[in-house]
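Q: Everything in the sequence shown is counted per our numbering, starting at 232 for the first residue and increasing by one.
From the three backbone atoms N, C-alpha and C, an ideal C-beta is built for every residue, glycine too.
All values reported here derive from a predicted model rather than from experimental measurement.
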Amino acid sequence: EGSVLSTFTADYVADFFDSVRLGTAPANPNLKPGYAVYFPVDGTHWIAEAGTIANGTTEHVLYLNADGRLEPQAGAVSSITYTYDPNDPASFLGDDQSGELGGPEAEPNSRQDILTFLGEPVTEETYIKGIIEGDLVVSSDCADSCFYLRVDMVKDGVAYNLRADITSLVYQLGEYTPGEKVTLHFKTSPVVCRLNPGDSIRVDVTSSAAGTFSLHSNVAGNQYEISEPVVARNTVYTGESFIRFFTENLL
Numbered sequence: 232e233g234s235v236l237s238t239f240t241a242d243y244v245a246d247f248f249d250s251v252r253l254g255t256a257p258a259n260p261n262l263k264p265g266y267a268v269y270f271p272v273d274g275t276h277w278i279a280e281a282g283t284i285a286n287g288t289t290e291h292v293l294y295l296n297a298d299g300r301l302e303p304q305a306g307a308v309s310s311i312t313y314t315y316d317p318n319d320p321a322s323f324l325g326d327d328q329s330g331e332l333g334g335p336e337a338e339p340n341s342r343q344d345i346l347t348f349l350g351e352p353v354t355e356e357t358y359i360k361g362i363i364e365g366d367l368v369v370s371s372d373c374a375d376s377c378f379y380l381r382v383d384m385v386k387d388g389v390a391y392n393l394r395a396d397i398t399s400l401v402y403q404l405g406e407y408t409p410g411e412k413v414t415l416h417f418k419t420s421p422v423v424c425r426l427n428p429g430d431s432i433r434v435d436v437t438s439s440a441a442g443t444f445s446l447h448s449n450v451a452g453n454q455y456e457i458s459e460p461v462v463a464r465n466t467v468y469t470g471e472s473f474i475r476f477f478t479e480n481l482l
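1. Restricting to Cα atoms, I'd like to know which of Tyr294, Thr354 and Ser309 is closest to Gly429.
2. Pick out the complete beta strand (DSSP E) segments inside the stretch 409 to 444, 3 residues or longer, and give them in chain order.
3. What residues are listed by DSSP as bridge partners for Asn392?
4. Where DSSP assigns a beta bridge to Asn296, which residues make up the other side?
5. Residues in the same chain with beta-carbon distance under 6 Å from Phe444, minus the five sequence neighbours each way, listed in chain order, please.
6. Just to confirm my understanding: we take Ser310, look at its own chain, exclude 5 residues before and 5 after, and list those with CB closer than 6 Å. What are they?
7. From this set, Leu426, Asp383 and Glu456, which residue's C-alpha is nearest Thr478's C-alpha?
8. Where Val413 and Val368 are concerned, what is the direct C-alpha to C-alpha distance, given to the nearest angstrom?
9. Is it the case that the Cβ atoms of Asp372 and Thr437 are separated by a distance below 8 Å?
10. Taking Gly299 as the reference, which of Glu459, Ala440, Arg433 and Ser439 has the closest Cα?
11. Please classify Glu479: does DSSP put it in a helix, a strand, or coil?
12. Where Glu364 and Gly405 are concerned, what is the direct C-alpha to C-alpha distance, given to the nearest angstrom?
13. Give me, in chain order, the residues of the same chain whose beta-carbon lies closer than 6 Å to that of Ala441; leave out the 5 immediate sequence neighbours on both sides.
14. Going by alpha carbons, who is nearest to Lys418 out of Leu400, Ala337 and Asp366?
15. With a 10 Å radius around its C-beta and 16 neighbouring C-beta atoms as the bar for buried, classify Val385 as buried or exposed.
16. In the structure shown, what three-state DSSP assignment does Asp372 receive?
17. Do the CB positions of Gly452 and Ala307 come within less than 8 Å of each other?
18. From Ala281, Arg394, Pro257 and Leu295, pick the residue whose C-alpha is nearest to that of Val423; which is it?
19. Note down the Cα distance separating Gln454 from Val401, rounded to an integer number of angstroms.
20. Just to confirm, is the Cβ distance from Gly282 to Ala267 under 8 Å?
21. By DSSP, does Arg342 sit in helix, in strand, or in coil?
22. Just to confirm the assignment, what range does the beta strand (DSSP E) spanning Tyr266 have?
23. Whose C-alpha, out of Glu290, Thr357 and Arg252, is nearest the C-alpha of Asp273?
24. For Lys360, does the count of other Cβ atoms within 10 angstroms reach 16, so buried, or fall short, so exposed?
25. So, at 6 Å on beta carbons, what are the nonlocal neighbours of Ser431 in its own chain, with the 5 sequence-adjacent residues on each side left out?
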């Protein structure tokens, strides 16, 4: 009651469909035909943008560096290896689909198979705007395995999920040789999120998200036909892997 989501559901959606049904202009001034109308995550007001949500005006690239750092310059190339066991998968509390902040994430590096990278706090207010992309340079000792990229906003020391994407080696590459070092590309749906001074970006990398995505067996082939999963040793190469996102001043 009174939340951003309930207000949107009660007023904006009904008003829009009434305008379509009746062939009239929407009664709510925030609804504009041909515009994407959105309320930024942790925002203060509705925004209408012609067409769809475009990427912000300033591009940022942050590298996943050693010691869990997320930095604008690539560090020395190194590697981190973890064990992914489909019978003991990772799971996440945060929700990247709602219009409001989801539940808080676990502490950084909460499991041996979740690699966390933290960026420096921002010094002035801005908005993340548009798609978030990432390239992970990885390898596995299995003929196929899964990799999951999760991007969070950290506010007052608590991380909240913004967007995530998942893929597997064979799904994206077509074929894979165990031990081969390859690059996987990730791309999320658009998001708009306000960053206040002191807020920062966090990236988690793992190979599973139980309850959100089906668990990968680490065996190549149709996953629904595989009855005996195996344990994988998966590696992420730091200093080469990165995320890319865009910001814009929407004040």
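A: On the basis of the data shown:
1. Thr354
2. 413 to 418, 422 to 426 and 431 to 437
3. Asp383
4. Arg300
5. Ile397
6. Thr466 and Tyr468
7. Leu426
8. 6 Å
9. no
10. Arg433
11. strand
12. 21 Å
13. Pro320 and Ser322
14. Asp366
15. buried
16. coil
17. no
18. Arg394
19. 12 Å
20. yes
21. coil
22. Tyr266 to Tyr269
23. Thr357
24. buried
25. Gly350, Pro352 and Val385
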